[in-house]
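Worksheet: the structure to be examined is printed underneath.
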Amino acid sequence: MLRSQTADLANGLYLRYKIGEQDTVLVFSPNHIHYPVAMWAIHKLGGVVSFSNPQFKPDEVAYQLRTAHVTYMVVHSSLLVVALEAARLAGMPSNRIIILDEVPLSRDVSEIQTSLRLSHMAGKICRHFMNVTRSWRG
């Protein structure tokens with residue numbers, strides 16, 4: 001199951017973002033069930049994975065984005081506000097932020113809508129990529 005989830009996510013990341021050998025992807029998340037799937041999917045595509053401490057402040061994440069030459073971020077929803085600010089500080093387009101999990105309904109709705117609109121994800125999550133690529137494979 002883990003192998004198929006990794007392959008499915010890798011397919012989704014490639015089809016939607018064209019992530020490959022030229023990319024460095026920052027994983028910004030506390031421990032989460034999709035954390036290893038995201039890491040292995042990026043590796044499967046030949047990308048470099050950079051990990052960030054989930055307790056980092058926006059300026060610390062921005063520093064890592066710049067020094068590691070990060071091209072995409074995979075972010076847990078609990079860290080989305082920090083990630084968006086870090087991306088802004090580093091000059092990274094917000095459409096390069098990929099949300100790792102589902103955004104909980106308990107969060108401020110206007111904040112979530114703004115964040116999702118900025119990241120151009122509109123609720124696209126790992127599970128969605130897995131479902132899309134499963135149906136794409138036939």
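In this text, residue positions in the sequence shown follow full-length UniProt numbering: the first is 1, and each later residue adds one. Backbone N, C-alpha and C fix where the C-beta goes; we use that ideal spot for every residue, glycine too. Because the structure is a prediction, the values reported are computed rather than measured.
Cross-strand partners of residue i (DSSP beta bridge)
i, result
"THR67", "Beta-bridge pairing links THR67 to no other residue."
"LEU26", "SER50, MET73"
"ILE98", "VAL74"
Three-state class that DSSP yields for residue i in the structure shown
i, result
"GLN55", "coil"
"GLY20", "coil"
"GLU45", "Before going further, note that residue 45 is Leu rather than Glu in the sequence given. Reduced to three states, the DSSP call for LEU45 is coil."
"MET92", "coil"
"VAL103", "coil"
"MET1", "coil"
"ASN11", "helix"
Rounded straight-line distance, which links the Cα of residue j to that of residue i
i, j, result
"PHE56", "ASP23", "22 Å"
"ILE42", "GLU21", "9 Å"
"VAL82", "ARG3", "31 Å"
"ARG66", "ILE98", "18 Å"
Please determine if the stretch 84 to 94 and the stretch 33 to 48 are in contact, where contact requires at least 3 C-beta pairs separated by less than 8 Å. no
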